[in-house]
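Following my numbering, the numbering of the sequence shown begins with 1189 at its first residue and continues without gaps. Every residue, glycine too, gets a C-beta built ideally from N, C-alpha and C. Quick caveat: nothing in here was measured; it's all calculated off a predicted structure. As structure tokens, the structure follows; a few thoughts come after it.
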Amino acid sequence: RPEFALGYVDTTFAGSGALIFQGGYDATGAAPTGPGVLTGFTYSVTVAGNGLGFWSPALAVGDVIISNQDNPTLESQWTAVNNNVSLATPTIAGIASFPTDGGLSVSTGVVSLDTQTSNGTFGDASNSATLTIDTKGIVTASSQSAIAITASQVTDFCTEVAACATPSVNLSNSNLTQTGGQNRTYSLGNQTMRFTGNTGNPEDTIFSLDGTSGNNSINTGLQVPIRFLDGNINYVGLKSPAIVSTSYTLTLPTANGTVGQVLNTD
């Protein structure tokens, strides 16, 4: 009978130094013991565990335990052969799996990132980049568009521009151009508007009102004069009367006048 043959082999080779394989062992249960467990009996761990506190450290799947004597009752009476390769952790090398739905590609044992269709360079000083990123942190789509930001899309844009322009605005050689058909009112409050430039050359134009049609006017208000300064000390001023009952124009003569002459209306 087979069981008799197995018993004969077990008892014959027990203690001879031979390993006598007895099958699998569920390490969540008690360790093999009793008169039937002989020297050389070998078990392969099929379920990890500590044998109800018998094994320290606990056995892992794939470990092999070998009895060093008949009827072993202590852990020291066993030889545990670890499988040497455990599951990998962030700090321990070991067995690991690589799910391809995470954006990985596995071929002939080599793990690599899948080829993406979003490669390239996007965004620069003139264009903004738009990126689509999945839950794995992979950029799945990308594009760029010309930068076009309206003032309403920028928080406190007008406030910040006004704050920057409050001390002074350097126009360099630029001109301020008034769009045709539109009127602008510039309120100075009680302050003075002053136009300065290179006064070293008397031919320089510091302030001019030019127009090919219509009239250029300055509302002098409460007899506010237009002053032509000499070194910011002495000046010549043109001042309107307190009440102007009718409109008139003072035209400068084309030639030098004589002493005692005055400007008169046209």
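- Secondary structure at glutamine 1449: coil, using DSSP grouped into helix, strand and coil.
- Threonine 1288 carries a helical assignment under DSSP once its states are collapsed to helix, strand and coil.
- Counting other Cβ atoms within 10 Å of its Cβ, glutamine 1341 stays below 16 and is therefore classed as exposed.
- For the options Gly1445, Asn1444, Ser1428, Ala1443, the alpha carbon positioned closest to that of threonine 1437 is the one of Ser1428.
- Per DSSP, the continuous beta strand (DSSP E) segment holding valine 1298 begins and ends at 1298–1301.
- With contacts defined as CB atoms closer than 9 Å, aspartate 1251 and asparagine 1238 fail to qualify as a contacting pair.
- Judged by DSSP in its simplified three-state form, phenylalanine 1345 adopts helix.
- With respect to the C-alpha of aspartate 1302, the residue from Ser1293, Gly1308, Thr1261 having the closest C-alpha is Ser1293.
- Listed as beta-bridge partners of serine 1293 by DSSP are Ser1300.
- DSSP lists Val1235 as the beta-bridge partner residues of aspartate 1214.
- Excluding the 5 residues flanking it on each side, glutamate 1263 has same chain C-beta neighbours closer than 8 Å at Ala1219, Phe1242, Trp1243, Ser1244, in chain order.
- Per DSSP, threonine 1277 has no beta bridge partner at all.
- Take the alpha-carbon of threonine 1343 and the one of aspartate 1312: they are about 22 Å apart.
- For threonine 1328, the enclosing beta strand (DSSP E) has its first and last residue at 1327–1334.
- Valine 1235 and threonine 1216 do touch by the CB rule: their CB atoms are close to 6 Å apart, below 8 Å.
- Within the same chain, Cβ atoms closer than 6 Å to the Cβ of glutamine 1332 are found at Phe1310, Gly1311, Asn1315, Ala1317, the five residues on either side in sequence being excluded.
- Look at alanine 1339 here: in three-state DSSP terms it is helix.
- In the DSSP annotation of this structure, threonine 1305 is not part of any beta strand (DSSP E), being labelled neither H nor E.
- Assignment of beta-bridge partners to isoleucine 1254 by DSSP yields Thr1230, Thr1267.
- Residue pairing by DSSP places threonine 1320 opposite Ala1329 in a beta bridge.
- In the DSSP annotation of this structure, the continuous segment of the beta strand (DSSP E) that includes asparagine 1422 starts and ends at 1422–1426.
- In this structure, the straight-line span from the alpha carbon of alanine 1248 to that of alanine 1281 is close to 16 Å.
- Relative to the Cα of aspartate 1258, the nearest Cα in the group Thr1288, Gly1291, Pro1223, Ser1285 belongs to Pro1223.
- Taking leucine 1240 as the centre and dropping the five residues before and after it, the same chain places the C-beta of Ala1218 closer than 6 Å to its C-beta, in chain order.
- Between asparagine 1256 and the set Thr1227, Val1432, Val1273, the nearest pair of CA atoms involves Thr1227.
- Nearest to threonine 1439 by alpha-carbon distance, out of Gly1425, Asn1452, Val1349, is Asn1452.
- According to the DSSP secondary-structure assignment, asparagine 1315 is paired through a beta bridge with Ala1334.
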